[in-house]
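Notes for the one structure printed next.
Protein chains: 2
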Amino acid sequence: MKNRILIFVFFLLSSACLTLTAQNADSLTIKRIFSGALTDTTSYYNLRYLTGHYGGRLAGSAQSLKAVKWTEQVLRNMRLDTVFLQKCTVRHWERGGKETGKVISAKAGNHNLSICSLGGSVPTAGNGLTAKLVEVKDYDELKKLGKEKVSGKIVFINHPADPSLYNTFAAYGGVAGYRVRGAVQAAYYGAVAMIDRSATTSHDNFPHTGILHYADTVTKIPALSVSTNDAEKLSHWLKTDPDLTVFLKASCNELPETASYNVIGEIRGTEHPEEIIAFGGHLDCWDICQGANDDGAGVVQTIDVLRLFKSLQLKPKHTIRVIVYMDEEMEQRGAKAYADAAKDRKHIAAIEADRGSFTPWGFSIDAADEQVKKVQSWKNLLLPYGLFYFEKGGSGVDIRDLKPQGVPLFGLVPDSQRYFDYHHSVNDSFDKINIRELQLGTAAMAALVYLIDKYGL
Amino acid sequence: MKNRILIFVFFLLSSACLTLTAQNADSLTIKRIFSGALTDTTSYYNLRYLTGHYGGRLAGSAQSLKAVKWTEQVLRNMRLDTVFLQKCTVRHWERGGKETGKVISAKAGNHNLSICSLGGSVPTAGNGLTAKLVEVKDYDELKKLGKEKVSGKIVFINHPADPSLYNTFAAYGGVAGYRVRGAVQAAYYGAVAMIDRSATTSHDNFPHTGILHYADTVTKIPALSVSTNDAEKLSHWLKTDPDLTVFLKASCNELPETASYNVIGEIRGTEHPEEIIAFGGHLDCWDICQGANDDGAGVVQTIDVLRLFKSLQLKPKHTIRVIVYMDEEMEQRGAKAYADAAKDRKHIAAIEADRGSFTPWGFSIDAADEQVKKVQSWKNLLLPYGLFYFEKGGSGVDIRDLKPQGVPLFGLVPDSQRYFDYHHSVNDSFDKINIRELQLGTAAMAALVYLIDKYGL
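Going down the list, the protein sequences come from chains C and B. Start counting the first sequence at 3; every next residue gets the next number (this note's numbering). Start counting the second sequence at 3; every next residue gets the next number (this note's numbering).
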């Protein structure tokens, strides 16, 4: 009996030692990953090139196709095992030049508005429209006004994003719906156009654009976003002169759908090449900005995960693959094309990086409870690099279509405080990027990929 | 017996319920604290005023005294229970105008260097000095060269901060010693001046200054900092022409010591007014910058903790006190004056905010293990606000003199990735401040003060 106990104790100790040794090896590899990321400037200069040369690369645009070509060349230069384009068909909406917005009032004065069309908006007819303005805070107020008071007017939805919320994505989520569906709601009551307050807690002079949805049941009316500062002023002028009129001119244009591409590159797995760990960001961005944080950062970081694996000579057992998605901003056609094609290949996990270039905190995990727990068991390896967040939650719209296939999904979660200051506005430019924060995002994803590849989910 | 068990179970359940209710009340109060901080712009505009009007407020300077006066007025306007100045005597070192640094070489060309005197440096004699340059990476290399090869020359210590380290304070700590003691080491081998590579991982064109220490045993030689970009170039030019000379001119001036002040304000405790929970940042900053992150942010945030308590009508049991310290950068004379005076009053805790305005992560705690554990037991209340870091470690130089009095010390720990990009250089300016990140630092400290006040340590 005593011997049996001794053997058992010995067994326990051996397992503990083996676990410790494995943890130690992992800890050293993860240290190499972070050091490797922090001492290489490739992703930063890739982002500088992408944003500097191919800004405004909205799906369907000439810029987006140039960006596809450039991305493909970047991946080819890395001498990966596979590089290919994956075709998708995308909308081709154009802004057609800068919009005009003017307040016209004898009492409140004449003022230019800092304004831009929402993505997918119809143009104003002819040489623009002039109409009275009616301000509402939400759909309840709109409903109360009813057709009588709204018909023939421009509806101005002035609902500020709630700054009291810690989570800026929650603050954004609380108002983005007005941008997406406000035009339909306003048109239902007979409005001739809709102006939405920009979806940001920031007080700035830049309109923040973004996609809008129309419905077949009501007239498609022009929909524009006004900067938060001008939203405050507009509200003030309207109190000074309830009869003021606004002139709007927008020359948007919806062209025929056209071909575009996801760009894909991979390092083949040594043991299970048929099984894939996927990660990616989206190449397209709004036409009015460089798309540095949304989502040039995610693109160069996920590409850099492959570079890191190569330069550190980490040989993954499973195939690791970057997908540079097309058309996240409008219709996620690239994501759909990828998910369709993915049915043929087992995906162990998919990671999306689309929340900016800021210091990474961890991952939001859309997977089974046991899988979440498994990832949480790696926390001590990652905490020394500020990665403390590994919680159940949504991942991202470019990978969500993999969920029905049972793929565990991960969204990289960086610090979110500054993201919506830049989001979908001209402020989303390269000068907002901090090289170390960018590099750390790469390292966080590479560390997760390394652990998933080694231990599975 | 059965009854006793029932009573015991009832007792357990009641305690659990009471604990839960207390936690719920705390959770609601902490939510109010964060909402209150995120919806008030006072600290941001205080910082804009302070940095815009009283930049370069090094201890001893006219600017620093104006800043003291302004700070006192800010506290008086808040209608606190007590506001007072606490005298200290400070050094009065002046830069005396912009420094000149020039490379002179027939082979490598003539070039201006982006250079500035280190804090406390002696000037160059007469109209400047011209000497040959010798580059070393560290003191071992300096020792190997010895007096023969160093004497009469300018020593250039070119030791880059290690970018591979995740913790930028560790990277800074690895090189700051060359700035502090490099002049003494170089002078020991007969050098006529010392040029130090700026202590930052950032590649920029701005010299980063900071304090240096002389020793009585060796000649005081002029000591300057060169921007990291120019350090790279200088090294390159020196390889091109090992005989190149450098011209240096610095007009620093050490004036007689002079009077200055800590600024102190407090809300009196309702139950234990004689016991103090203290928090503060330092008002002085280097003369070449606005001192927005180092440490205007800490000043306005800790002042804002008092504003928050007042506006939320939180009545602390103990006196809560802000100390706006003078002279952190040179000799910590304000800190010493405070610690001396503090002997008469029991301090429950002291918090220092001096690591920049970035998103707060938590606190570094210099206290007994049980006190650290107690703070860690509050983690679940704070984690919803991204506060995950509550670890044993150093606090800050303005409160460390309270340690011998047994005071538990806390250092606010924000995200550190960008701090040393700005630190002690002209880049430490107001435009680098994000309002939400600044506000969150206030909230983090207010929440900690609230919990310490309620539950003790």
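The beta-carbon is built from N, C-alpha and C at its ideal position, and this holds for glycine as well. Computed from a prediction, not measured in an experiment: that's the story for all the values here.
Asked, Found
"Cutoff 7 Å: B/Q419 Cβ touching any chain C Cβ", "yes"
"As assigned by DSSP and simplified to three states, the class of C/M3", "Bear in mind that a pLDDT of 48 at C/M3, under 50, signals an unreliable position, so the number given afterwards is only what the model happens to contain. In the structure shown, C/M3 sits in coil (DSSP, three-state: anything other than H, G, I, E or B)."
"Closest Cα partner of B/Q292 within the set B/S37, B/A24, B/R59", "B/R59"
"Contact residues within the region 161 to 177 of chain C, judged by C-beta distance below 8 Å to chain B", "P165, S166, L167, Y168, T170"
"Local conformation of B/R59 per DSSP, three classes", "coil"
"C/G271 versus C/Y452 - alpha carbon distance", "12 Å"
"Segment contact flag, the region 285 to 300 of chain B with the region 123 to 131 of chain B, C-beta cutoff 8 Å, min 3 pairs", "no"
"B/V326 vs B/V409 beta-carbon contact at 7 Å", "no"
"Residue from C/Q419, C/K222, C/Y457, C/K155 with nearest C-alpha to C/S166", "C/Q419"
"Neighbour-count burial assignment, C/G413, 16 or more Cβ in a 10 Å radius", "buried"
"Selected residue, minimal CA-CA separation from B/Q25, among B/V399, B/G443, B/S379, B/T43", "B/S379"
"is_contact[C/Y387, chain B] using C-beta, thresh 7 Å", "yes"
"Range covered by the alpha helix (DSSP H) that runs through B/L442", "437 to 457"
"Inter-stretch contact at 8 Å, needing at least 3 Cβ pairs: the region 271 to 286 of chain B / the region 359 to 368 of chain B", "no"
"Whether B/I401 touches B/E354 by CB criterion (7 Å)", "yes"
"C/N436: contacting residues in chain B (beta-carbon distance under 8 Å)", "Q419, R420, D423"
"C-beta neighbour in chain B for C/L40, strict 7 Å", "yes"
"C/G336 vs C/D346 beta-carbon contact at 7 Å", "no"
"Whole-angstrom distance between B/S45 and B/F390, CA atom to CA atom", "24 Å"
"Distance between B/A370 and B/M3 (C-alpha atoms, nearest Å)", "Reliability fails at B/M3, whose pLDDT of 48 lies under 50, so the model's placement of it is uncertain and no value is given."
"Coil, strand or helix - C/F208 by DSSP", "coil"
"Unbroken stretches of the alpha helix (DSSP H), 4 residues or longer, contained in the region 336 to 422 of chain C", "371 to 378, 381 to 384"
"Per DSSP, the bridge partner or partners of B/W95", "B/E256"
"Closest residue to C/G130 among C/A188, C/E143, C/I156 (Cα-Cα distance)", "C/I156"
"Proximal residues of chain C, C-beta to C-beta of B/E439 below 9 Å", "D417, Q419, R420"
"Cβ pair count under 8 Å reaching 3, the region 209 to 228 of chain B against the region 437 to 445 of chain B", "no"
"Close Cβ partners of B/H274 (< 7 Å) along its chain, the five nearest in sequence each way excluded", "K319, H320"
"Same chain only: Cβ atoms within 6 Å of C/A252, ignoring 5 sequence neighbours per side", "E101, S119, P125, T126, P224"
"Minimum Cβ-Cβ distance from B/S45 to chain C less than 7 Å", "no"
"Cβ-based neighbour list, C/Y387, same chain, cut-off 6 Å, excluding 5 preceding and 5 following", "F36"
"7 Å Cβ cutoff met for B/D368 and B/L411", "yes"
"As assigned by DSSP and simplified to three states, the class of B/Y51", "helix"
"Inter-residue spacing [alpha-carbon to alpha-carbon] between C/K241 and B/V76", "34 Å"
"Beta carbon proximity, C/F36 to chain B, threshold 7 Å", "yes"
"Residue nearest to B/E276 in terms of C-alpha spacing, selected from B/T170, B/T84, B/D417", "B/T84"
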